[in-house]
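Keeping their order, the protein sequence lines are chains U and W.
Last residue of the first sequence: 488 (our numbering), numbering continuous.
Last residue of the second sequence: 100 (our numbering), numbering continuous.
Cβ coordinates follow ideal geometry from the N, Cα and C atoms, glycine included.
Down below is the structure, laid out as structure tokens.
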Amino acid sequence: MTAWYQKTAHEIVDALMRGDATSLEVTQSYLDRIAAVDPQVDAYTQVWQDSALTQAEQIDQQLADGNIPGPLTGVPIALKELLCTTDGYTTCASRMLENFQSPYNGTVVRKLAKAGAIFLGKVNMDEFAMGSSTENSAIKKTRNPWNLRCVPGGSSGGSAASVAADCCTFSLGSDTGGSIRQPAALCGCVGLKPTYGRVSRYGLVAFASSLDQIGPLSKDVEDAALALNVICGKDVMDATSADLPVPDFRKALTGEVKGMKIGLPREYFTDALNPEMRELIEKAIDVFKAQGASFIEVSLPHTEYAVAVYYIICTAEASANLARFDGVRYGFRHPDASNVQELYVKSKSEGFGPEVQRRIMLGTYVLSSGYYDAYYLKAQKVRSLIKSDFDNAFAQCDVILTPTSPTQAFEFGAKTADPLEMYLSDIYTISTNLAAIPGISVPCGLTKDGLPAGLQLLGKPFDEATILRAAHCYEQNSGIDLGKAPIA
Amino acid sequence: MSKITKEDVAYVASLAQLELDEAAQERLVHEMGEILNYMDKLNALNTDNVEPMMHALEMSNVFREDVVGKSLPRATALKNAPQHDDEYFIVPKILENDNA
Numbered sequence: 001m002t003a004w005y006q007k008t009a010h011e012i013v014d015a016l017m018r019g020d021a022t023s024l025e026v027t028q029s030y031l032d033r034i035a036a037v038d039p040q041v042d043a044y045t046q047v048w049q050d051s052a053l054t055q056a057e058q059i060d061q062q063l064a065d066g067n068i069p070g071p072l073t074g075v076p077i078a079l080k081e082l083l084c085t086t087d088g089y090t091t092c093a094s095r096m097l098e099n100f101q102s103p104y105n106g107t108v109v110r111k112l113a114k115a116g117a118i119f120l121g122k123v124n125m126d127e128f129a130m131g132s133s134t135e136n137s138a139i140k141k142t143r144n145p146w147n148l149r150c151v152p153g154g155s156s157g158g159s160a161a162s163v164a165a166d167c168c169t170f171s172l173g174s175d176t177g178g179s180i181r182q183p184a185a186l187c188g189c190v191g192l193k194p195t196y197g198r199v200s201r202y203g204l205v206a207f208a209s210s211l212d213q214i215g216p217l218s219k220d221v222e223d224a225a226l227a228l229n230v231i232c233g234k235d236v237m238d239a240t241s242a243d244l245p246v247p248d249f250r251k252a253l254t255g256e257v258k259g260m261k262i263g264l265p266r267e268y269f270t271d272a273l274n275p276e277m278r279e280l281i282e283k284a285i286d287v288f289k290a291q292g293a294s295f296i297e298v299s300l301p302h303t304e305y306a307v308a309v310y311y312i313i314c315t316a317e318a319s320a321n322l323a324r325f326d327g328v329r330y331g332f333r334h335p336d337a338s339n340v341q342e343l344y345v346k347s348k349s350e351g352f353g354p355e356v357q358r359r360i361m362l363g364t365y366v367l368s369s370g371y372y373d374a375y376y377l378k379a380q381k382v383r384s385l386i387k388s389d390f391d392n393a394f395a396q397c398d399v400i401l402t403p404t405s406p407t408q409a410f411e412f413g414a415k416t417a418d419p420l421e422m423y424l425s426d427i428y429t430i431s432t433n434l435a436a437i438p439g440i441s442v443p444c445g446l447t448k449d450g451l452p453a454g455l456q457l458l459g460k461p462f463d464e465a466t467i468l469r470a471a472h473c474y475e476q477n478s479g480i481d482l483g484k485a486p487i488a
Numbered sequence: 001m002s003k004i005t006k007e008d009v010a011y012v013a014s015l016a017q018l019e020l021d022e023a024a025q026e027r028l029v030h031e032m033g034e035i036l037n038y039m040d041k042l043n044a045l046n047t048d049n050v051e052p053m054m055h056a057l058e059m060s061n062v063f064r065e066d067v068v069g070k071s072l073p074r075a076t077a078l079k080n081a082p083q084h085d086d087e088y089f090i091v092p093k094i095l096e097n098d099n100a
């Protein structure tokens, strides 16, 4: 029998319902797994052993009393360091917040707890979600379970590595420009970025408010649907959460794509695409064709401008959002300030790491007098064009298929010397956030180096159901089983 | 020539309330210059008749009843403050007094 820690969330719920295991046994299995392999992977920044076991005992009691807490009964999960929890710390992997204890729980955390999920702890990330490799964490270095010399991707690198190492069933991450989908691809997991507004951002420490979205990283598509069912919906605490009906996303997983029209954007399949990635994507296309989907070429003509637009908008929004960390109400305060101006300056300069400072600088520059029109306003206009590209493409197809990442997981330090090169690793994912549409990454095989690759499916606004259905059908019919990451 | 000078970097740092040492300033002149050069590719596009996308979702105003809700207890709100006196956040002197 496979160990509990190797199972998916839906398998664990089913087992608990049948009485095949107790929540305590399952939770202990994960805690033991974390103790055994996390010292190599270093995904966890906080392990909440005691509260996890207490939660598990409560679940067992509820089950014994004939009550079913919810759709995630007894499911052990991990949370990214930027999700506010009254338990433990919410550090954003930054020195700025190393001692911050949130006075409230984020909406997603509250919903997960109500659904019966068990919190194993928190996982690492790039500081304030700024990065594509988790190397910008001020806490620790997280390794890719498939090859410990490689990065797990980012910014939700701890979320992806913890799932790939079987150290949780699923985890929550956040995605501003690919931060769920890219690490999911590099670690061989499923990663779902919902439509902007589908999931409340209340209790998500803000990076770029018009782009940020919370979503799950999981071992299979069914768990992604299960997690989305629980976390989505209108929330009075987030005025940008959408007041739209929420379908049961699991019901979308029919296993069929017959008649589905899938668009292939010609701008994503250029000579710049690594041949190995291209080959894996072409094999995936054959799987969809065999299941009755049809393909058409579509065009997203403003694709080449997306990275420039993204790094103007996200840095501008970040510079405004991060201005709140001034050493007064919470966060790091520099001890040597003699007046309040010095307090702000010294606290920010010592509290924020180099990448965060670089983005604050860029964002301040593009918003500053004389440059606002040339950069920020221009970027917002081109963002409109990028959004229109998707509207036009989706007039011709149901979903769009692309690679998730231009490369497999890279070695530590490979891109840290050149910020622009690191920024270009988001090239296939950032347009999704600019257009505010949903996207999912699903594993599509291993490269010659034995590292995972992912394909990305993009959907119409609020049509997560269709991309989940396509992803699930692919997963069930591709014959691809990456197996387990080769850690102990 | 770089898009941005050391003086520009120093000015932006003052706006951003950041203190950068010489090495960081030099580095940012180079890095920001390179990134801003890359961003200049947007100038190749004519956007004269394009509306800026100000919001991620097309939403009209979101209203709610203006009623008093529950707010954080003072002790909880002060819990993370680096310095407080149980009633207020405490900061160093704000106004310099020349006559003091």
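| task | Enumerate in chain order the residues of its own chain whose CB-to-CB distance from A100 (chain W) is below 8 Å, with the five nearest sequence positions on each side excluded. | result | Summary for A100 (chain W): the model assigns pLDDT 46, below 50, so the residue's position carries little reliability, and this model does not support an answer.
| What residues from chain W crowd round L362 (chain U), counting only those whose CB sits closer than 7 Å? | Here the neighbours are M32, I35.
| Taking C-alpha atoms, which residue in U:L482, U:V13, U:Y5, U:H472 lies nearest to R250 (chain U)? | Nearest option by C-alpha distance: U:H472.
| request: Could you name the residues of the stretch 159-188 of chain U whose beta carbon sits closer than 9 Å to any beta carbon of chain W, in the order they occur along the chain? | output: If you check each beta-carbon in the stretch 159-188 of chain U against every beta-carbon of chain W, none falls closer than 9 Å.
| Sorted by chain position, which residues of the same chain lie with C-beta nearer than 6 Å to P103 (chain U)'s C-beta, five sequence neighbours on each side aside? | The answer is none, since no qualifying residue turns up.
| query | Residues of chain U with CB under 7 Å from Y38 (chain W), in chain order? | reply | In chain order: A308, L420.
| message | Here's the rule I'm using: 16 or more other beta-carbon atoms within 10 Å means buried, otherwise exposed. How should Q61 (chain U) be labelled? | response | Looking at its Cβ environment, which holds fewer than 16 other Cβ atoms inside 10 Å, Q61 (chain U) is exposed.
| Name the chain U residues that come within less than 7 Å of R64 (chain W), Cβ to Cβ? | Under the 7 Å cutoff, chain U gives V236.
| said: For H10 (chain U), count the other beta carbons within 10 Å of its own beta carbon; 16 or more makes it buried, fewer makes it exposed. Which is it? | reply: Here H10 (chain U) is buried: its Cβ has 16 or more other Cβ atoms, across all protein chains shown, within 10 Å.
| request: Identify the contact partners of F100 (chain U) in chain W, using a Cβ-Cβ distance below 8 Å as the criterion. | output: The answer, in chain order, is N80.
| said: Closer than 8 Å to a non-hydrogen atom of the ligand GDP - does that hold for the CB of T432 (chain U)? | reply: What this structure holds is no ligand at all, so the ligand GDP is not there to describe.
| request: Establish whether the CB of R329 (chain U) and some CB of chain W are separated by less than 9 Å. | output: True, the Cβ-Cβ gap to chain W drops below 9 Å.
| request: Check distances from the C-beta atoms of the stretch 327-359 of chain U to those of chain W and list, in chain order, the residues that come in under 7 Å. | output: Cβ contacts with chain W: G327, V328, R329, Y330, R333, A337, S338, N339, V340, L343, Y344, V345, K346, K348, S349, Q357, R358.
| request: Figure out for me which residue from U:E475, U:E267, U:G74 has the closest Cα to the Cα of G445 (chain U). | output: The option with the nearest alpha carbon to G445 (chain U) is U:E475.
| Contiguous alpha helix (DSSP H) assignments of at least 4 residues, all confined to the stretch 297-383 of chain U | Runs of the alpha helix (DSSP H) inside the stretch 297-383 of chain U: 306-321, 340-351, 354-367.
| query | Just reading off the beta strand (DSSP E) that C473 (chain U) is part of, what are its end residues? | reply | Segment 464-477 is the alpha helix (DSSP H) holding C473 (chain U); no beta strand (DSSP E) there.
| request: Determine the burial state of S338 (chain U): buried for a count of at least 16 other Cβ atoms within 10 Å of its Cβ, exposed for fewer. | output: Burial check for S338 (chain U): the Cβ neighbour count within 10 Å stays below 16, so the residue is exposed.
| said: Just to check my reading of the structure: M53 (chain W) and S209 (chain U) have Cβ atoms closer than 8 Å, yes? What is that Cβ distance to the nearest angstrom? | reply: Actually they do not touch by this definition, with Cβ atoms about 14 Å apart.
| query | Considering only C-alpha positions, which residue in the set U:L120, U:G370, U:Y371 is nearest to S29 (chain U)? | reply | The residue with the shortest Cα to Cα distance from S29 (chain U) is U:L120.
| query | Quick one: is P433 (chain U) buried, meaning 16 or more other Cβ sit within 10 Å of its Cβ, or exposed? | reply | Residue identity check: residue 433 (chain U) is Asn in the sequence provided, not Pro. Label assigned to N433 (chain U): buried.
| field | Helix, strand or coil at A78 (chain U) [DSSP, three-state] | value | Residue state, collapsed to three classes: strand.
| query | At a Cβ threshold of 9 Å, is Y428 (chain U) touching chain W? | reply | Taking CB atoms only, Y428 (chain U) has no neighbour in chain W less than 9 Å away.
| request: Might you give, ordered along the chain, the residues of its own chain that have their beta carbon closer than 6 Å to the beta carbon of S319 (chain U), omitting 5 neighbours on each side? | output: Excluding positions up to five away in sequence, the list reads I360, G363, T364.
| query | Between P103 (chain U) and chain W, is there a C-beta pair that is closer than 9 Å? | reply | Nearest CB-CB separation between P103 (chain U) and chain W: below the 9 Å threshold.
| task | For T47 (chain W), decide whether its Cβ has a neighbour in chain U, counting only Cβ atoms nearer than 9 Å. | result | Interface residue, yes.
| Simplified DSSP assignment, three categories, for T45 (chain U) | Note: T45 (chain U) maps to strand in three-state DSSP.
| query | When the Cα atoms are used, what is the spatial distance from E127 (chain U) to T86 (chain U)? | reply | Put simply, the backbone Cα of E127 (chain U) is about 20 Å away from that of T86 (chain U).
| Which value, in whole angstroms, describes the spacing of the CA atoms of G351 (chain U) and A35 (chain U)? | Spanning the two alpha carbons is a distance of roughly 30 Å.
| request: Report buried or exposed for S489 (chain U), applying the criterion of at least 16 other Cβ atoms within 10 angstroms of its Cβ. | output: Any property of residue 489 (chain U) remains undetermined from this structure, which presents chain U solely from 1 to 488.
| Looking at the C-beta of D86 (chain W), does it have a partner C-beta in chain U at a distance below 9 Å? | No, D86 (chain W) lies away from the interface with chain U (no Cβ there is under 9 Å from its Cβ).
| CA-CA distance, R201 (chain U) and K193 (chain U)? | Going by the C-alpha atoms only, they are around 13 Å apart.
| request: With DSSP collapsed to three states, give me the class of T22 (chain U). | output: Three-state DSSP puts T22 (chain U) in coil, outside helix and strand.
| task | Check each candidate in U:E267, U:A242, U:I281 and name the one with the smallest Cα separation from V62 (chain W). | result | Ranking the options by Cα distance to V62 (chain W), first place goes to U:A242.
| field | Cβ pair Y423 (chain U), I35 (chain W) closer than 9 Å | value | Their beta carbons are under 9 Å apart, which means Y423 (chain U) touches I35 (chain W) by this criterion.
| query | Would you call the stretch 7-14 of chain W and the stretch 277-287 of chain U touching, i.e. three or more CB-CB distances under 8 Å? | reply | As far as the Cβ criterion goes, the stretch 7-14 of chain W does not touch the stretch 277-287 of chain U, which means the pair count is below three.
| field | Per-residue burial, I68 (chain U) [other beta carbons within 10 Å of its own, 16 or more giving buried] | value | Looking at its Cβ environment, which holds fewer than 16 other Cβ atoms inside 10 Å, I68 (chain U) is exposed.
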